[in-house]
Amino acid sequence: MSRGHMATASVVAVVSMLLVGCSTEEPGSAEPAGTSDAGSPSISAPGDADGLPAGGAPAVEKPLDTSKFEEDPCAALTPEHLQELNLPQQGEEEDAEAGPMCNWNNRETTGNASIILVTASDRGLTALYETRSQYAVFEPVEPIEGHPGVIYSSTEGEPEKGYCTVAVGLTDELAMDVGVRLSWGNEGGDACGTVQGIAEYMLQTMKAAQ
Numbered sequence: 254m255s256r257g258h259m260a261t262a263s264v265v266a267v268v269s270m271l272l273v274g275c276s277t278e279e280p281g282s283a284e285p286a287g288t289s290d291a292g293s294p295s296i297s298a299p300g301d302a303d304g305l306p307a308g309g310a311p312a313v314e315k316p317l318d319t320s321k322f323e324e325d326p327c328a329a330l331t332p333e334h335l336q337e338l339n340l341p342q343q344g345e346e347e348d349a350e351a352g353p354m355c356n357w358n359n360r361e362t363t364g365n366a367s368i369i370l371v372t373a374s375d376r377g378l379t380a381l382y383e384t385r386s387q388y389a390v391f392e393p394v395e396p397i398e399g400h401p402g403v404i405y406s407s408t409e410g411e412p413e414k415g416y417c418t419v420a421v422g423l424t425d426e427l428a429m430d431v432g433v434r435l436s437w438g439n440e441g442g443d444a445c446g447t448v449q450g451i452a453e454y455m456l457q458t459m460k461a462a463q
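My numbering puts the sequence shown at residues 254 to 463.
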């Protein structure tokens with residue numbers, strides 16, 4: 254089954270299984286999901302957003318109002334989602350270079366998820382498509398909750414190490430990056446299926462807030 258064609262029930266099962274994992278003997282601080290060497294979202298200077306999408310990027314047919322989540326990116330996952338994913342109820346928010354970010358890190362299992370709303374660019378997925386030659390991995394996926402997405406990484410082999418990042422178009426001008434690092438006991442699992450499931454949860458939360 255391709256990454257983009259996983260059924261919703263299957264995605265939920267994969268997400269639940271692969272982030273729970275096992276406890277490490279020496280839990281410690283861990284890096285945000287997808288930061289092992291996955292690359293950073295392309296950041297272009299704000300400019301004229303007319304003519305989007307471009308560069309082969311798909312259009313966002315039903316844009317979302319993301320103002321609430323730009324103010325509070327940790328609100329993208331509900332307490333119920335976090336419990337199911339075995340992630341801490343309190344995310345760690347920060348102002349990343351690319352935009353507002355929240356990181357959820359289970360220090361016992363090392364399972365990790367993150368979201369960045371890429372407000373540093375006003376070109377949405379177009380910014381990625383226009384620079385796709387810079388990425389070792391660039392794999393468009395089937396729409397997630399009706400929104401276009403692409404799995405990307407600056408290096409080969411990240412999913413096999415338990416890392417995956419998917420960029421999802423929220424509007425033609427704004428994308429979010431969702432990253433995952435599988436738990437210690439599940440390295441080698443379907444990291445990219447898992448990250449799409451987490452992005453699906455986030456989009457459901459955003460749609461409910463409209």
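Backbone N, C-alpha and C define an ideal beta-carbon position, used for all residues, glycine too.
Keep in mind that this is a model prediction, so the values were computed, not measured.
Problem set entry | Span of the alpha helix (DSSP H) around Pro-332 | 332–338
Problem set entry | Met-439 - DSSP class collapsed to helix/strand/coil | Rather than Met, the amino acid found at residue 439 in this sequence is Asn. Helix, per DSSP.
Problem set entry | As assigned by DSSP and simplified to three states, the class of Thr-252 | Any property of residue 252 remains undetermined from this structure, which presents the chain solely from 254 to 463.
Exercise. Just checking, does the segment 374–391 make contact with the segment 305–312 on the three C-beta pairs under 8 Å criterion?
Worked result: yes
Problem set entry | Beta-carbon separation (whole angstroms), Leu-305 vs Asp-443, contact threshold 8 Å | About 32 Å separates the two Cβ atoms, so there is no contact after all.
Exercise. Since Cys-370 contacts Met-459 with CB under 8 Å, what's their CB separation in whole angstroms?
Worked result: Note that residue 370 is Leu in the sequence shown here, rather than Cys. Not a contact, Cβ separation roughly 10 Å.
Exercise. Given a threshold of 16 other Cβ atoms within 10 Å of its Cβ, counted over all protein chains shown, does Ser-320 qualify as buried or as exposed?
Worked result: exposed
Exercise. What are the boundary residues of the beta strand (DSSP E) that includes Thr-418?
Worked result: 416–422
For this session: Inspect the CB distances between the segment 347–359 and the segment 324–334 and report whether three or more fall short of 8 Å.
Result: yes
Exercise. Do Val-421 and Val-433 have their CB atoms nearer than 9 Å?
Worked result: no
Exercise. Would you call Ala-349 buried or exposed, if buried means 16 or more other Cβ atoms sit within 10 Å of its Cβ?
Worked result: buried
Exercise. Could you check where the alpha helix (DSSP H) with Cys-445 kicks off and where it finishes?
Worked result: 444–461
Exercise. Looking at the structure shown, is Asn-406 part of a helix, part of a strand, or coil, going by DSSP?
Worked result: The sequence given here has Ser at residue 406, not Asn. In the structure shown, Ser-406 sits in a strand (DSSP, three-state: E or B).
For this session: For Glu-440, collect the residues of the same chain with a Cβ closer than 7 Å to its Cβ; drop the 5 residues on either side in sequence, then sort them by chain order.
Result: Lys-414, Gly-415
Exercise. Rounded to a whole number of angstroms, what is the C-alpha to C-alpha distance between Val-448 and Cys-417?
Worked result: 7 Å
For this session: Taking Glu-392 as part of the beta strand (DSSP E), name the residues at either end of that continuous run.
Result: 390–397
For this session: State the DSSP-derived secondary structure class of Pro-306, mapped to helix, strand or coil.
Result: coil
For this session: Assign Glu-324 to one of three DSSP states: helix, strand, or coil.
Result: helix
Exercise. What's the gap between the Cα of Gln-457 and the Cα of Glu-395?
Worked result: 16 Å
For this session: Answer yes or no: do Ile-368 and Val-390 have a C-beta to C-beta separation smaller than 9 Å?
Result: no
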